[in-house]
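S.K.: Read in order, the letters of the sequence shown correspond to residues 453 to 861 in the working numbering.
Next up is a structure, given as structure tokens.
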Amino acid sequence: MSSPLLTVVIPVYNTEKYLPKCLDSIIRQTLKDIEIICIDDGSADESPQILDSYAEKDTRIKVIHKKNEGLVAARKEGVQAAQGEYTGYVDSDDWIDPEMYERLYQRAEDCRADLVTSGYWLEGNYTSKLLDAVPEGFYGEKEMQFFREHAIYHMQKKETGIRGSLCCKLFRTETLKKSLMRIPDCISYSEDKLTLLTHLLECQSAYAEQNAYYHYCIHPESMVHKADFDYLLHIHEVYRYLRSLYGHENFTETMRTQAELYVAELLLLGINQRMGYQNRNLLWVDPYWLDQIPDGSRVVLYGGGEMGRKYKKQLEVRGTAAYAACVDYEWEKYGDREPAVVPPDAVLPDDYDLLVITIKNPHKAMEVKARLLEAQIPEEKILWFEQKDIFWKFAEAEGLLETEEADEA
453 MSSPLLTVVI
463 PVYNTEKYLP
473 KCLDSIIRQT
483 LKDIEIICID
493 DGSADESPQI
503 LDSYAEKDTR
513 IKVIHKKNEG
523 LVAARKEGVQ
533 AAQGEYTGYV
543 DSDDWIDPEM
553 YERLYQRAED
563 CRADLVTSGY
573 WLEGNYTSKL
583 LDAVPEGFYG
593 EKEMQFFREH
603 AIYHMQKKET
613 GIRGSLCCKL
623 FRTETLKKSL
633 MRIPDCISYS
643 EDKLTLLTHL
653 LECQSAYAEQ
663 NAYYHYCIHP
673 ESMVHKADFD
683 YLLHIHEVYR
693 YLRSLYGHEN
703 FTETMRTQAE
713 LYVAELLLLG
723 INQRMGYQNR
733 NLLWVDPYWL
743 DQIPDGSRVV
753 LYGGGEMGRK
763 YKKQLEVRGT
773 AAYAACVDYE
783 WEKYGDREPA
793 VVPPDAVLPD
803 DYDLLVITIK
813 NPHKAMEVKA
823 RLLEAQIPEE
833 KILWFEQKDI
843 FWKFAEAEGL
853 LETEEADEA
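Next up, the structure:
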């Protein structure tokens, strides 16, 4: 029997609610010559039974049941068993578009690339499309250094250079087996980014595609919603592994600078969201926006989430303008929480002077603004303020944004 064109590895741990949708999306791929390796990492729910039932119906599915050892160990076991020339990963609580692997495989074959990278859809309170910041196209041996030096950040654009997720990529299996085995099993944060960087150091070629086929789902059980009182210990392991890469012949000083900035970003993220502080998001919202609000203004805030509550608190602490209401087109999902969230049409334009959109994502904010304009809210009343992460302000103050070459590959 010939080897499949590619292998899809799915680490599974207690995702019974999401697993059928994930598996169905992979089974329905337009590229049929694939193997699907599911690693049951000691699940205690119905996930093992779901996997076994799917394997009985589709011979392409192989299930490996093992004791719980974490995501890195599960991924290693999957790639060690992979028979395809290329390997892709899917998390068991996400799903993919039907054409994803056919598109990525065709790119890999056309260019004989060691890596194909694409973007993904973030499915949370709203859907947003996240793409790599590097230009689309093929990166051969001469261009790979540019590609590596933009893997963590694209400094001009102040964006992530190549999205860290392994799940929107195809890897040449032979190279991935070597790079993934270097990642310590104890790594539980940034394992995707570390694997990507390690793989890139060994790659001879890559292709970047400016499309998104993967749907990364944020749900209440996601790690980002849980406090981790050992967060600093985990980031220490990330930093220690990054330091082990510094001596590689393809790891440049530019990459080292970005790696250390990345660790700084992780530390700031911990303060904001992960370390279990009672007062979360200490650095999330810069109150500079209040300087643009005339004294005595009646202000409506758009956005019922944490950002909206932070804006409201800053507005009340400053005390120079009056909070009028909080509105959101998805107002019903906030229930009876305080402050109350109502639909935008529940507040008449004559009842306020300004409406401030409190959404951080600029693309989503502009979508909301367009909808408000369609509802006949005067444009001069609608404000949105860019909220730069403290991390980028630090990089700018240190002059690090000026060290990057302006020319694209």
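C-beta: ideal position from N, C-alpha, C; glycine also.
Excluding sequence positions up to five away, which residues of its chain have a Cβ less than 6 Å from the Cβ of PRO814?
M.R.: The residue given as residue 814 occupies position 362 in the sequence shown. Closer than 6 Å at Cβ, skipping near neighbours: no residue.
S.K.: Let me check understanding here. Comparing Cα to Cα, which of TYR691, ALA534, VAL752 and GLU521 lies closest to LYS514?
M.R.: On the sequence shown, residue 514 is found 62 positions in, with the first residue counted as 1. Comparing Cα positions, the closest option is ALA534.
S.K.: Could you spell out where the alpha helix (DSSP H) holding ALA822 opens and where it closes?
M.R.: Position 370 of the sequence shown, counted from the first residue, corresponds to residue 822. Per DSSP, ALA822 belongs to the alpha helix (DSSP H) from 814 to 826.
S.K.: Based on the DSSP secondary-structure assignment, which residues constitute the bridge partners of THR709?
M.R.: As a working mapping, residue 709 is identified with position 257 in the sequence shown. Answer by DSSP bridge pairing: none, since THR709 is not bridged.
S.K.: Hey, is the stretch 814 to 825 in contact with the stretch 782 to 791, meaning 3+ C-beta pairs nearer than 8 Å?
M.R.: No: fewer than three Cβ pairs fall under 8 Å.
S.K.: Report, in whole angstroms, the separation of the C-beta atoms of GLN481 and PRO587, which I expect to be a contact under 8 Å.
M.R.: On the sequence shown, position 29 is the one that residue 481 refers to. On the sequence shown, position 135 is the one that residue 587 refers to. Wrong, their Cβ atoms sit about 27 Å apart, outside the cutoff.
S.K.: Would you grab the beta carbon distance between TYR557 and TYR538 for me? Rounded to a whole angstrom, and I think it's under 8 Å.
M.R.: To locate residue 557, count along the sequence shown from 1; it is residue 105. To locate residue 538, count along the sequence shown from 1; it is residue 86. About 6 Å; that satisfies the 8 Å criterion.
S.K.: Give the straight-line distance between the Cα atoms of GLU498 and GLU782, rounded to the nearest whole angstrom.
M.R.: Mapped onto the sequence shown, residue 498 falls at position 46. Mapped onto the sequence shown, residue 782 falls at position 330. Roughly 33 Å between the two C-alpha positions.
S.K.: Classify GLN839 as helix, strand or coil using the three-state DSSP reduction.
M.R.: On the sequence shown, residue 839 is found 387 positions in, with the first residue counted as 1. The answer is coil: DSSP assigns GLN839 none of H, G, I, E or B.
S.K.: What are the uninterrupted segments assigned as beta strand (DSSP E) that are 3 or more residues long and contained completely in the stretch 507 to 570, given in chain order?
M.R.: Listed in chain order, the complete beta strand (DSSP E) runs (minimum 3 residues) inside the stretch 507 to 570 are 513 to 518 and 538 to 541.
S.K.: What are the boundary residues of the beta strand (DSSP E) that includes GLN608?
M.R.: Counting from 1 along the sequence shown, the entry for residue 608 is found at position 156. Per DSSP, GLN608 belongs to no beta strand (DSSP E) and is neither H nor E.
S.K.: Mark TYR465 as exposed unless 16 or more other C-beta atoms lie within 10 angstroms of its C-beta, in which case mark it buried.
M.R.: Along the sequence shown, one-based indexing puts residue 465 at 13. Counting Cβ neighbours within 10 Å, TYR465 comes out buried, since at least 16 surround it.
S.K.: Grouping DSSP H, G and I as helix and E and B as strand, with all else coil, what is PHE599?
M.R.: Counting from 1 along the sequence shown, the entry for residue 599 is found at position 147. Helix.
S.K.: Considering Cα atoms alone, identify which of VAL751, GLU838 and ASP485 is closest to VAL460.
M.R.: The count along the sequence shown starts at 1 and reaches residue 460 at position 8. Of the listed residues, the one whose Cα sits closest to VAL460 is ASP485.
S.K.: Give the secondary structure of PHE846 by DSSP, where H, G and I count as helix, E and B as strand, and everything else as coil.
M.R.: Within the sequence shown, residue 846 is the residue found at index 394, counting from 1. Reduced to three states, the DSSP call for PHE846 is helix.
S.K.: Quick one: what's got a C-beta closer than 7 Å to LEU503's C-beta in the same chain, skipping five residues either side?
M.R.: Indexing the sequence shown from 1 puts residue 503 at position 51. Answer for LEU503: VAL464, CYS490, ASP492 and VAL515, listed in chain order.
S.K.: Per the DSSP calculation, THR459 is bridged to which residue(s)?
M.R.: Taking the sequence shown and counting its residues from 1, one reaches residue 459 at position 7. Partner(s): GLU487 and THR539.
S.K.: For MET633, count neighbouring C-beta atoms within 10 Å of its own C-beta (all shown protein chains included) and say buried if the count is 16 or more, exposed if not.
M.R.: Residue mapping note: residue 633 aligns to position 181 of the sequence shown, counting from 1. Answer is exposed; the Cβ neighbour count stays below 16.
S.K.: Using DSSP with H/G/I as helix, E/B as strand and the rest coil, what is VAL808?
M.R.: By 1-based counting over the sequence shown, the position of residue 808 is 356. Note: VAL808 maps to strand in three-state DSSP.
S.K.: Counting Cβ pairs closer than 8 Å, one from the stretch 655 to 668 and one from the stretch 706 to 715, do we hit at least three?
M.R.: Verdict: no, contact absent.
S.K.: With a threshold of 8 Å on Cβ separation, who are the neighbours of HIS671 within its own chain once the five nearest residues in sequence on each side are excluded?
M.R.: Here residue 671 is taken as the residue at index 219 of the sequence shown, counted from 1. Excluding sequence neighbours, HIS671 sits near TYR470 and ASP545.
S.K.: Of all the alpha helix (DSSP H) runs that stay within the bounds of the stretch 606 to 649, which reach a length of 4 or more residues?
M.R.: Listed in chain order, the complete alpha helix (DSSP H) runs (minimum 4 residues) inside the stretch 606 to 649 are 625 to 632.
S.K.: Are GLU487 and GLY530 close, meaning C-beta to C-beta below 8 Å?
M.R.: Working through the sequence shown from its first residue, we reach residue 487 at position 35. Working through the sequence shown from its first residue, we reach residue 530 at position 78. Contact flag unset, no.
S.K.: Thinking C-beta only, is ASP738 closer than 8 Å to GLY755?
M.R.: The residue given as residue 755 occupies position 303 in the sequence shown. The residue given as residue 738 occupies position 286 in the sequence shown. For GLY755 and ASP738, no; Cβs fall outside 8 Å.
S.K.: Judging by CA-CA distance, which residue of TYR666, GLY616, THR625 and SER657 is the nearest neighbour of LEU649?
M.R.: Working through the sequence shown from its first residue, we reach residue 649 at position 197. Ranking TYR666, GLY616, THR625 and SER657 by Cα distance to LEU649 puts GLY616 first.
S.K.: With DSSP collapsed to three states, give me the class of CYS474.
M.R.: Translated into positions along the sequence shown, residue 474 becomes position 22. Helix, per DSSP.
S.K.: Name the one or two DSSP bridge partners that LEU574 has.
M.R.: Along the sequence shown, read from residue 1 onward, the residue named residue 574 stands at position 122. For LEU574, which the question treats as bridged, DSSP gives the partners SER580 and TYR668.
S.K.: Can you tell me where the beta strand (DSSP E) holding LEU753 begins and where it ends?
M.R.: The count along the sequence shown starts at 1 and reaches residue 753 at position 301. Looking at the DSSP string, the run of the beta strand (DSSP E) that includes LEU753 is 750 to 754.
S.K.: Going by the CB atoms, is the gap between ASP637 and VAL524 shorter than 8 Å?
M.R.: The residue you call residue 524 lines up with position 72 of the sequence shown. The residue you call residue 637 lines up with position 185 of the sequence shown. A contact, by the Cβ cut-off of 8 Å.
S.K.: Quick check: what's the CA-CA separation for LYS621 versus ASN702?
M.R.: Position 169 of the sequence shown holds residue 621. Position 250 of the sequence shown holds residue 702. When rounded, the distance between both Cα atoms is 21 Å.
S.K.: Express the C-alpha separation of LEU767 and ARG611 in angstroms, rounding to a whole number.
M.R.: Here residue 611 refers to the residue found at position 159 of the sequence shown. Here residue 767 refers to the residue found at position 315 of the sequence shown. Sequence check: residue 611 is Glu here, not Arg. Cα to Cα, GLU611 sits roughly 29 Å from LEU767.
S.K.: In the DSSP assignment, find the unbroken alpha helix (DSSP H) run with VAL799 in it and report its ends.
M.R.: As a working mapping, residue 799 is identified with position 347 in the sequence shown. No alpha helix (DSSP H) holds VAL799; DSSP gives it neither H nor E.
S.K.: By the DSSP assignment, the beta strand (DSSP E) with TYR591 in it spans what residues?
M.R.: Numbered from its first residue, the sequence shown carries residue 591 at position 139. Looking at the DSSP string, the run of the beta strand (DSSP E) that includes TYR591 is 589 to 591.
S.K.: Return the CA-CA distance between ILE607 and ILE614, expressed in angstroms with no decimal places.
M.R.: Position 155 of the sequence shown, counted from the first residue, corresponds to residue 607. Position 162 of the sequence shown, counted from the first residue, corresponds to residue 614. Checking the sequence shown, residue 607 turns out to be Met, not Ile. Going from the Cα of MET607 to the Cα of ILE614 covers about 12 Å.
S.K.: Strictly by DSSP, which residues pair up with ILE834?
M.R.: By 1-based counting over the sequence shown, the position of residue 834 is 382. Per DSSP, LEU807.
S.K.: Are GLN602 and LEU653 touching if we call contact CB-CB under 8 Å?
M.R.: Along the sequence shown, read from residue 1 onward, the residue named residue 602 stands at position 150. Along the sequence shown, read from residue 1 onward, the residue named residue 653 stands at position 201. Inspection of the sequence shows that residue 602 is occupied by His rather than by Gln. No. Outside cutoff.
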